[in-house]
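> Those letters in the sequence shown? Residues 1 to 223, by the UniProt record's numbering. Next up is a structure, given as structure tokens.
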Amino acid sequence: MLNIEQLIAQIQQEAESATFPIDEPVYQAAGLSPTQPILYAGNLNGNLCIFARDLGKDEVHARQPLYGAAGKLVRKGLYRAIYGKEPDRDTDLQIVCDRVLLTNTVPYKPTGNKAYSEAVKQRFRPFIEQLLVLYWQGDKIITLGNEAFNWFAPYGAKGALKEFFEESERYTKSIQVTLQAKDEQGNQHQRLVTLMPLPHPSPLNQKYYAQFPQLLQQRLAEI
1 MLNIEQLIAQ IQQEAESATF PIDEPVYQAA GLSPTQPILY AGNLNGNLCI
51 FARDLGKDEV HARQPLYGAA GKLVRKGLYR AIYGKEPDRD TDLQIVCDRV
101 LLTNTVPYKP TGNKAYSEAV KQRFRPFIEQ LLVLYWQGDK IITLGNEAFN
151 WFAPYGAKGA LKEFFEESER YTKSIQVTLQ AKDEQGNQHQ RLVTLMPLPH
201 PSPLNQKYYA QFPQLLQQRL AEI
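This is the structure:
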């Protein structure tokens with residue numbers, strides 16, 4: 001199996017093979033090549049993965065997913081669950097990365113705040129599959145928002161995730177799917193994972209923003 005740095009190099013090679021929307025000024029301001037993927041942060045041996053939509057400006061500057069305002073909410077919740085206390089102003093929330101994996105549907109920042117098209121997601125899907133099946137060792141995935149949850153639709157029975165997401169209890173119930181990925185020899189690998197969807201923790205998500213910390217704690221208590 002390739003090491004993780006080789007996987008990241010393959011992603012960059014794919015990004016350089018044909019153009020797609022990347023917020024280049026943000027990368028330039030961060031001193032980073034726009035085609036340099038920011039694939040993950042955290043521990044590949046952790047049991048839990050937090051799976052979000054894509055990178056924002058803060059994430060590009062920090063060179064890791066879930067680092068901005070929404071990411072801070074998630075990291076604070078993880079800290080409470082792991083250490084049983086509230087983080088204070090001086091707490092280094094980076095410590096939670098010792099226990100979890102953080103990643104996105106696409107390892108790049110789109111222009112503006114628009115989600116990547118299905119075509120772009122499909123283009124990078126094989127690499128995310130490899131990350132989750134071949135490199136990560138866990139089996140619990142908390143998805144943040146509709147786009148992140150819907151990324152997993154191909155791995156469930158036809159229409160199963162759509163039906164699940166229409167339930168009023170979707171943010172307290174779970175569903176299992178079987179992820180699939182091919183290695184560099186073309187061999188197929190599988191991993192059974194449990195999806196635990198949550199709403200996206202954005203201030204723009206007025207319906208759920210105030211509820212998010214409690215919903216996250218409930219999810220983390222299940223693990």
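Note that the Cβ used here is the ideal one computed from N, Cα and C, for glycine as well. If you're wondering where the values come from, they're calculated on a predicted model, not measured in any experiment.
#1: For residue 241 and Leu144, I'd like the C-alpha separation in whole angstroms.
#2: So, Tyr40 versus Leu101, is the Cβ gap smaller than 8 Å?
#3: What does DSSP give as the partner residue(s) for Val61 in the beta ladder?
#4: Apart from the five residues on each side of it in sequence, which residues of its chain come closer than 8 Å, Cβ to Cβ, to Pro203?
#5: In the DSSP output, which residue or residues are listed as bridge partners for Gln188?
#6: When you compare each of Leu215, Leu73 and Tyr116 to Lys173 by their alpha carbons, which one comes out closest?
#7: Within its chain, find whatever has a CB closer than 7 Å to the CB of Asn205; leave out the 5 residues flanking it on each side and keep chain order.
#8: Please give the ranges of any beta strand (DSSP E) in the segment 139–222, keeping only runs that are unbroken, at least 3 residues long and fully inside the region.
#9: What are the uninterrupted segments assigned as beta strand (DSSP E) that are 3 or more residues long and contained completely in the segment 33–102, given in chain order?
#10: Decide if Gly84 is buried, meaning its Cβ has at least 16 other Cβ atoms within 10 Å, or exposed.
#11: Could you name the residues that DSSP lists as bridge partners for Asn113?
#12: Looking at C-alpha atoms only, which residue of Leu66, Phe165 and Asn47 is the closest neighbour of residue 232?
#13: Taking the Cβ atom as the reference point for each residue, do Glu184 and Leu2 lie within a distance shorter than 8 Å?
#14: Check the DSSP bridge columns for Asn3 and list the partner residues they point to.
#15: Would you mind working out which of Pro197, Arg219 and Ser33 sits nearest Ala15, comparing C-alpha positions?
#16: Out of Val60, Ile142 and Ala9, which has the shortest C-alpha to C-alpha gap to Phe212?
#17: I want to see whether chain B comes within less than 8 Å of Ser174, judged by CB atoms only; does it?
Reading off the structure:
#1: Nothing in the structure corresponds to residue 241, since the chain is present only between 1 and 223.
#2: Yes.
#3: It should be noted that the sequence gives His, not Val, for residue 61. DSSP lists no partner for His61.
#4: Cβ within range, chain order: Ala69 and Tyr209.
#5: The beta-bridge partner set that DSSP reports for Gln188 consists of Lys182.
#6: Nearest of Leu215, Leu73 and Tyr116 to Lys173, Cα basis: Leu215.
#7: Correct list, in chain order: Pro199.
#8: Runs of the beta strand (DSSP E) inside the segment 139–222: 140–143, 175–182 and 188–195.
#9: Fully enclosed beta strand (DSSP E) runs of 3 or longer: 40–42 and 48–52.
#10: That one is exposed.
#11: Beta-bridge annotation (DSSP): Asn113 is not paired with any residue.
#12: Any property of residue 232 remains undetermined from this structure, which presents the chain solely from 1 to 223.
#13: Going by beta carbons, Glu184 and Leu2 fall inside the 8 Å limit.
#14: Note: Asn3 sits in no beta bridge, so no partner.
#15: Among Pro197, Arg219 and Ser33, the Cα nearest to that of Ala15 is on Ser33.
#16: For the residues Val60, Ile142 and Ala9, the minimum Cα distance to Phe212 belongs to Ile142.
#17: Protein chains in the displayed structure number just one, and chain B is not present.
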